[in-house]
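S.K.: I'd like to ask you about the structure that follows.
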């Protein structure tokens, strides 16, 4: 049973190896990855991974359709023979990690729990910044363990999902949150289930992109979503721009809606032994190890450069003071004094 994940990346090479190791442990046996005008060597890392047979790398450097970078990539994916040949498809971002709670925590266990499913919605569980200020080269899944509660009434984006679906021709194109271009003559027979194991109604077959909120959607599986990272990483994300709505600038509103640190969830570590074994093999490759280190250095250097630009320095200052991260507020004056001094030196 072939499971193929579609992924778009821009300047996120520092996170790639952990993401790949986790999803290979989950049960994905194929990856098609699009790089988009990378400056940190992500594209070179993907070239090397492709040479090792790990994935297929497609350079998606533009021009882009009106829908943005990710829509352009998915339109390309829809025409690829490799994508057509996969039995199951799931488009993901590098800050999304599939987390299965049933059986041995793999895709096989999820299918065993939902044998009649043609599509399974994996609802986001938002993981906040955990009051991390500085970016560090540590595993995302172990660093950020504080998250939103199971039942959420606001915001509705907390209940958005990505769809793992059977690639049998019922849907002819992959989409960001749900498969697109359905064969309407087959919709009556397609069976959708949520990540809790409940059958879903007709609206999910061709419209919905978020689960019903105010209830537990995670009984069998969830999608751990780490949209923020440390404060420094969020500034770099604002600089990078969004993959879907590439013209939208990220600000404090995006941060506040997603910075949930109420509960703690470490369930993703059920696959830690398998994930860590795969990750160790990847990092043992000298080329991958060097490229990973360069991507880490690029992130730190890029952040220092952005602190010389007032829009990004101002954003960082607001993040330092934004709830619920007030425990970092005493550090704000020290950080901002340093970067204001750097900016003065640059302009003097």
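In this note's numbering, the protein residues as written are 1042 to 1389.
Built from N, CA and C at the ideal position, the CB exists for glycine as well.
Keep in mind that this is a model prediction, so the values were computed, not measured.
In the DSSP assignment, the beta strand (DSSP E) including residue 1275 goes from what residue to what residue?
M.R.: Position 234 of the chain shown, counting from 1, holds the residue named residue 1275. Counting along the chain, residue 1275 falls outside any beta strand (DSSP E), though it belongs to the alpha helix (DSSP H) covering 1272 to 1281.
S.K.: Just to confirm the assignment: which complete beta strand (DSSP E) runs, minimum length 3, are found wholly within the stretch 1079 to 1112?
M.R.: If we require 3 residues or more, the beta strand (DSSP E) runs fully inside the stretch 1079 to 1112 come out as 1097 to 1100.
S.K.: When you compare only the Cα positions, how much space is there between residue 1044 and residue 1064?
M.R.: The residue you call residue 1044 lines up with position 3 of the chain shown. The residue you call residue 1064 lines up with position 23 of the chain shown. About 10 Å.
S.K.: Does the Cβ of residue 1125 have 16 or more other Cβ atoms within 10 Å, making it buried, or fewer, making it exposed?
M.R.: One-based indexing of the chain shown puts residue 1125 at position 84. Exposed, since its Cβ has fewer than 16 Cβ neighbours within 10 Å.
S.K.: Classify residue 1141: buried if its beta carbon has 16 or more other beta carbons within 10 angstroms, exposed otherwise.
M.R.: If you number the chain shown from 1, residue 1141 lands on position 100. With 16 or more Cβ atoms within 10 Å of its Cβ, residue 1141 is classed as buried.
S.K.: Check whether the stretch 1174 to 1193 touches the stretch 1265 to 1273, counting contact only when three or more Cβ pairs, one atom from each stretch, lie closer than 8 Å.
M.R.: Yes, the stretch 1174 to 1193 is in contact with the stretch 1265 to 1273.
S.K.: Residue 1173 by DSSP, collapsed to three states: which one?
M.R.: Within the chain shown, numbered from 1, the residue matching residue 1173 stands at position 132. Residue 1173 falls in the coil class under three-state DSSP.
S.K.: Could you name the residues of the same chain whose beta carbon sits closer than 6 Å to that of residue 1312, not counting the 5 residues immediately before and after it, in chain order?
M.R.: As a first step, residue 1312 is located in the chain shown; it is residue number 271 there, counting from the start. Cβ within range, chain order: 1066 and 1146.
S.K.: My guess is that residue 1165 and residue 1199 are in contact by the Cβ rule of under 8 Å, so how many angstroms apart are they, rounded?
M.R.: Against the chain shown, residue 1165 aligns to sequence position 124. Against the chain shown, residue 1199 aligns to sequence position 158. So it is a contact: roughly 6 Å between Cβ atoms.
S.K.: On a CA-only basis, which of 1130, 1168 and 1129 is nearest residue 1308? Give me that one, please.
M.R.: Locating residue 1308 in the chain shown gives position 267, counting from the first residue. For the residues 1130, 1168 and 1129, the minimum Cα distance to residue 1308 belongs to 1168.
S.K.: Rounded to the nearest angstrom, what separates residue 1079 and residue 1050 at their Cα positions?
M.R.: What you label residue 1079 is simply residue 38 of the chain shown in a count that begins at 1. What you label residue 1050 is simply residue 9 of the chain shown in a count that begins at 1. Distance between the alpha carbons of residue 1079 and residue 1050: 8 Å.
S.K.: How is the alpha helix (DSSP H) around residue 1191 delimited, first residue to last?
M.R.: Taking the first residue of the chain shown as position 1, residue 1191 is located at position 150. Residue 1191 -> no alpha helix (DSSP H), and no H or E assigned at all.
S.K.: Under 7 Å Cβ to Cβ from residue 1203, same chain only, skipping five residues before and after it: list those, please.
M.R.: Within the chain shown, the letter at position 162 stands for residue 1203. Closer than 7 Å at Cβ, skipping near neighbours: 1131, 1132, 1133, 1137, 1163, 1218 and 1264.
S.K.: Below 8 Å on the Cβ atoms is my guess for residue 1325 versus residue 1082; work out the distance and round it to an integer in Å.
M.R.: Position 284 of the chain shown holds residue 1325. Position 41 of the chain shown holds residue 1082. In fact, because the Cβ distance is near 19 Å, the residues do not count as touching under 8 Å.
S.K.: Let me know if residue 1173 comes out buried or exposed under the rule of 16 or more other beta-carbons within 10 Å of its beta-carbon.
M.R.: Mapped onto the chain shown, residue 1173 falls at position 132. So residue 1173 ends up on the buried side.
S.K.: Considering only the alpha carbon of each residue, which of 1085, 1235 and 1243 lies closest to residue 1053?
M.R.: As a first step, residue 1053 is located in the chain shown; it is residue number 12 there, counting from the start. When only C-alpha atoms are compared, the closest one is 1085.
S.K.: When the Cα atoms are used, what is the spatial distance from residue 1197 to residue 1250?
M.R.: Position 156 of the chain shown holds residue 1197. Position 209 of the chain shown holds residue 1250. Approximately 10 Å between the Cα atoms of the pair.
S.K.: Taking the beta carbon of residue 1058 as the centre, do at least 16 other beta carbons fall within 10 Å, making it buried, or is it exposed?
M.R.: In the chain shown, counting from the first residue as 1, residue 1058 sits at position 17. So residue 1058 ends up on the buried side.
S.K.: Do you know whose CA, among 1255, 1349, 1338 and 1193, lies nearest residue 1302's CA?
M.R.: If you number the chain shown from 1, residue 1302 lands on position 261. The shortest C-alpha separation from residue 1302 is found at 1193.
S.K.: May I have the straight-line CA-CA distance separating residue 1154 from residue 1351, to the nearest angstrom?
M.R.: Along the chain shown, one-based indexing puts residue 1154 at 113. Along the chain shown, one-based indexing puts residue 1351 at 310. Their Cα atoms are separated by approximately 52 Å.
S.K.: Suppose you measure from the CA of residue 1368 to the CA of residue 1334; what does that come to, to the nearest Å?
M.R.: Position 327 of the chain shown, counted from the start, is the residue given in the question as residue 1368. Position 293 of the chain shown, counted from the start, is the residue given in the question as residue 1334. Only weak support is given to the placement of residue 1368: the predicted model assigns it a pLDDT of 43, under 50, and the value that follows is read from those uncertain coordinates. So the alpha carbons of these two residues sit roughly 30 Å apart.
S.K.: Counting only the same chain and skipping the five closest in sequence on each side, list residues whose C-beta sits under 8 Å from that of residue 1122.
M.R.: By one-based count along the chain shown, residue 1122 stands at place 81. Closer than 8 Å at Cβ, skipping near neighbours: no residue.
S.K.: Among residues of its own chain, excluding the 5 on either side of residue 1089, which ones have a beta-carbon nearer than 8 Å to its beta-carbon?
M.R.: As a first step, residue 1089 must be located in the chain shown, where it is residue number 48. Contacts found: 1326, 1328, 1329 and 1332.
S.K.: Just verifying my parser: in three-state terms, what is the DSSP assignment at residue 1074?
M.R.: What you label residue 1074 is simply residue 33 of the chain shown in a count that begins at 1. Strand.
S.K.: By Cβ distance, which residues of its chain are closer than 7 Å to residue 1256, with the 5 residues on each side in sequence left out?
M.R.: Within the chain shown, residue 1256 is the residue found at index 215, counting from 1. Here the set comprises 1192.
S.K.: Whose C-alpha, out of 1314, 1362 and 1277, is nearest the C-alpha of residue 1340?
M.R.: Position 299 of the chain shown holds residue 1340. Ranking the options by Cα distance to residue 1340, first place goes to 1277.
S.K.: Quick check for students: name the residue ranges of the alpha helix (DSSP H) that lie wholly in the stretch 1280 to 1355, counting only runs of 4 or more.
M.R.: 1293 to 1299, 1313 to 1325 and 1327 to 1347, all fully within the stretch 1280 to 1355.
S.K.: Would DSSP call residue 1182 helix, strand or coil?
M.R.: Within the chain shown, numbered from 1, the residue matching residue 1182 stands at position 141. Correct three-state label for residue 1182: helix.
S.K.: Residue 1220: buried (16+ other C-beta within 10 angstroms of its C-beta) or exposed?
M.R.: Reading the chain shown from its first residue, position 179 is the one you call residue 1220. Residue 1220 is buried by the Cβ-count criterion.
S.K.: Can you give me the C-alpha to C-alpha distance between residue 1105 and residue 1115, rounded to a whole angstrom?
M.R.: For the purposes of this step, residue 1105 is taken as residue 64 along the chain shown, with counting starting at 1. For the purposes of this step, residue 1115 is taken as residue 74 along the chain shown, with counting starting at 1. Cα to Cα, the separation comes out at about 11 Å.
S.K.: Considering only the beta carbon of each residue, do residue 1008 and residue 1190 sit closer than 8 Å?
M.R.: Because residue 1008 is not part of the residues shown, which for the chain are 1042 to 1389, the question remains open.
S.K.: Can you tell me whether residue 1121 is helix, strand or coil according to DSSP?
M.R.: For the purposes of this step, residue 1121 is identified with residue 80 of the chain shown, where counting begins at 1. Residue state, collapsed to three classes: coil.
S.K.: My assumption, with CB atoms under 8 Å, is that residue 1231 sits in contact with residue 1118. Please give the rounded CB distance.
M.R.: Within the chain shown, numbered from 1, the residue matching residue 1231 stands at position 190. Within the chain shown, numbered from 1, the residue matching residue 1118 stands at position 77. Residue 1231 to residue 1118, Cβ: 20 Å. No contact.
S.K.: Would you mind working out which of 1282, 1346, 1179 and 1245 sits nearest residue 1317, comparing C-alpha positions?
M.R.: Counting from 1 along the chain shown, the entry for residue 1317 is found at position 276. Out of 1282, 1346, 1179 and 1245, 1179 has the C-alpha closest to the C-alpha of residue 1317.
S.K.: In whole angstroms, give me the CA-to-CA distance for residue 1342 and residue 1176.
M.R.: Reading the chain shown from its first residue, position 301 is the one you call residue 1342. Reading the chain shown from its first residue, position 135 is the one you call residue 1176. When rounded, the distance between both Cα atoms is 11 Å.
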